[in-house]
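Residue numbers (this note's numbering), protein chains in the order written: chain C, 1 to 169; chain P, 170 to 338.
Backbone N, C-alpha and C fix where the C-beta goes; we use that ideal spot for every residue, glycine too.
There are 2 protein chains.
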Amino acid sequence: MSKAQPGRKGDYWAFEDSLGYLARLIFRSFSQVRETRTLDHGISAGQWTFLRQLWRGDGISQHELSRRLAMRDATTAVALRGLEEASLVRRCVNPRDRRETLVFLTPHARRLRGLLFPVTEEVQSLATRGFSDEEAATLRDLMQRMIANLAREDPDIGEAGRCRWRGLR
Amino acid sequence: MSKAQPGRKGDYWAFEDSLGYLARLIFRSFSQVRETRTLDHGISAGQWTFLRQLWRGDGISQHELSRRLAMRDATTAVALRGLEEASLVRRCVNPRDRRETLVFLTPHARRLRGLLFPVTEEVQSLATRGFSDEEAATLRDLMQRMIANLAREDPDIGEAGRCRWRGLR
DNA sequence: GCTTGTTTCTTAGTATGCTAAGATAATGCC
DNA sequence: GGCATTATCTTAGCATACTAAGAAACAAGC
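Here is the structure:
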């Protein structure tokens with residue numbers, strides 16, 4: 001085994017520097033910190049993901065929603081069944097293409113947007129406390145470049161990834 | 170709603186810049202890219218997490234292992250049952266404190282270390298392709314600072330987090 | 001128009017993680 | 001020593017995401 005030199009790329013043993021491990025901690029912390037705030041309104045971490053995307057634009061097909069979130073169609077189907085049972089979305093067959101199911105927010109879910117959306121900013125600024133604007137921008141840039149690198153090896157992520165840093169609305 | 174100004178902290182609508190979302194993509198890509206390489210040796214993404222930590226040092230209790238990975242004791246218990254059934258670890262009661270179960274790697278798991286550990290470096294350098302050494306170091310630093318910020322709100326992560334960026338071996 | 005292939009959604013089964021609640025062992029206080 | 005508290009592990013049940021396989025609607029070629 002090579003001699004450990006903490007922080008160097010070639011150091012097999014610098015577990016604490018593993019970018020995948022760090023990403024896991026960040027993802028989990030974000031989810032948990034956010035969920036403690038959204039559960040007051042009955043929204044779980046899993047529901048949040050779909051609602052957030054739908055707030056951006058609803059009336060899209062399940063497949064399109066999956067694509068935007070880099071999720072499998074099967075995952076989306078199960079999640080939307082839950083959201084529908086919770087009266088947060090309603091689904092109807094697209095008359096133009098009856099294979100598709102279009103997803104619409106209910107009035108209740110629409111109202112939640114105003115209450116819950118600020119949570120995004122709150123958690124973001126909490127996570128970047130002590131960061132200069134430049135550091136925050138650098139972090140996003142480096143993370144996005146890393147995603148682009150990984151997308152080459154993991155084409156599944158490519159779809160969702162690409163539409164993001166190219167500014168898809 | 171505020172006017173969207175992409176990339177600015179105050180922009181609620183810059184979903185593509187959500188650090189939690191980016192972390193999710195990174196975590197998932199890492200897991201999948203790595204798993205395609207370790208499955209050849211019969212090691213799943215979930216097993217990898219525990220093996221990687223145990224390669225660093227085995228003969229520790231389940232509770233200590235949980236702490237180092239920021240996992241729940243219950244999660245670790247189930248995972249280790251799987252690893253034991255796969256003959257990758259064996260467990261025995263600590264005679265000094267019979268509440269504890271000490272976890273040891275089997276000879277087979279030890280041999281796997283040499284084969285699989287290079288995968289860590291391969292995936293890391295793949296993810297940071299085109300990064301200067303300085304950029305890679307900056308990324309780790311910013312991610313660790315973000316974890317530290319989040320740990321204040323989510324104490325669970327604190328344990329595993331702390332022992333990492335303070336250089337616990 | 002019919003067949004063949006593609007797209008979209010669904011179901012079923014699996015993996016990985018969580019919380020809650022319980023069992024057993026150790027520790028501390030009297 | 002005996003009893004209450006704490007620590008560790010386990011089980012059970014749930015949430016979230018995956019793959020694989022099938023159903024239904026559409027599209028394309030003949």
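Simplified DSSP assignment, three categories, for residue i
i	result
ILE60 (chain C)	strand
LEU88 (chain C)	coil
THR101 (chain C)	strand
ASN149 (chain C)	helix
Residue of the options minimising C-alpha distance to residue i
i	options	result
PHE27 (chain C)	P:VAL288, P:ALA239, P:LEU271	P:ALA239
LEU102 (chain C)	C:GLU134, C:GLU153, C:GLU64, C:LEU19	C:GLU64
ALA45 (chain C)	C:GLN53, C:TRP55, C:ARG34	C:ARG34
LEU249 (chain P)	P:GLU303, P:TRP217, P:PHE300, P:GLY283	P:TRP217
ARG221 (chain P)	P:ARG267, P:VAL247, P:LEU191, P:GLU290	P:GLU290
LEU39 (chain C)	C:THR75, C:VAL119, C:ARG96	C:VAL119
GLY226 (chain P)	P:ARG279, P:ASN318, P:ILE316, P:VAL292	P:ARG279
GLY299 (chain P)	C:LEU22, C:GLN62, C:ILE147	C:ILE147
ASN318 (chain P)	C:GLN62, C:LEU25, C:HIS41	C:LEU25
ARG98 (chain C)	C:HIS41, C:TYR21, C:GLN62	C:GLN62
ARG68 (chain C)	P:GLU303, P:TYR190, P:ASP302	P:TYR190
ASP73 (chain C)	C:ARG96, C:GLU100, C:PRO95	C:GLU100
HIS210 (chain P)	P:ALA192, P:GLU254, P:HIS277	P:HIS277
Where residue i meets chain C, residues with beta-carbon distance less than 8 Å
i	result
VAL202 (chain P)	LEU150, GLU153, ASP154
ALA239 (chain P)	LEU25, ARG28
Supposed close pair residue i, residue j - CB separation, criterion 8 Å
i	j	result
ALA296 (chain P)	PHE199 (chain P)	7 Å
ILE212 (chain P)	LEU285 (chain P)	7 Å
ARG282 (chain P)	TRP224 (chain P)	5 Å
LEU105 (chain C)	VAL89 (chain C)	6 Å
LEU188 (chain P)	PHE219 (chain P)	Their Cβ separation, rounded to whole angstroms, is 27 Å, which puts LEU188 (chain P) and PHE219 (chain P) out of contact at 8 Å.
SER66 (chain C)	THR76 (chain C)	4 Å
ASP323 (chain P)	GLN124 (chain C)	15 Å between Cβ atoms; not a contact.
Beta-carbon neighbours of residue i, restricted to chain P and to distances below 8 Å
i	result
THR106 (chain C)	The contacting residues do not exist; THR106 (chain C) stays about 19 Å from chain P at best.
ILE147 (chain C)	LEU191, LEU194, ILE195, SER198
GLY130 (chain C)	ARG314, ASN318
ALA109 (chain C)	By Cβ distance, chain P contributes nothing, its closest Cβ being about 16 Å from ALA109 (chain C), past 8 Å.
Listed by chain order, chain C residues near residue i by CB distance under 9 Å
i	result
PHE219 (chain P)	Ordered by position in chain C, no residue passes the 9 Å Cβ test against PHE219 (chain P), which lies about 12 Å from the chain.
TRP307 (chain P)	The residue asked about is misnamed: residue 307 (chain P) is Thr in this sequence, not Trp. Residues of chain C passing the Cβ test: GLU135, THR138, LEU139, LEU142.
GLN293 (chain P)	LYS9, ASP17, SER18, LEU19, GLY20
Residue i CB to nearest heavy atom of the ligand GDP below 8 Å
i	result
VAL89 (chain C)	What this structure holds is no ligand at all, so the ligand GDP is not there to describe.
Within chain P, the residues that residue i reaches when beta carbons sit closer than 9 Å
i	result
GLU170 (chain C)	Since the first residue of chain C shown is 1 and the last is 169, residue 170 (chain C) is not available in this structure.
Partners in chain P for residue i, counting only beta-carbon separations shorter than 7 Å
i	result
GLU135 (chain C)	LEU311
ALA127 (chain C)	LEU188, MET315, ASN318, LEU319
Residues that residue i contacts on chain C, provided the C-beta gap is smaller than 7 Å
i	result
LEU115 (chain P)	Absent from the model: residue 115 (chain P). The displayed extent of chain P is 170 to 338, so no value can be given.
Checklist entry - Any chance the stretch 305-316 of chain P sits against the stretch 129-143 of chain C, with 3 or more Cβ pairs inside 8 Å? => result Result yes; three or more Cβ-Cβ pairs closer than 8 Å.
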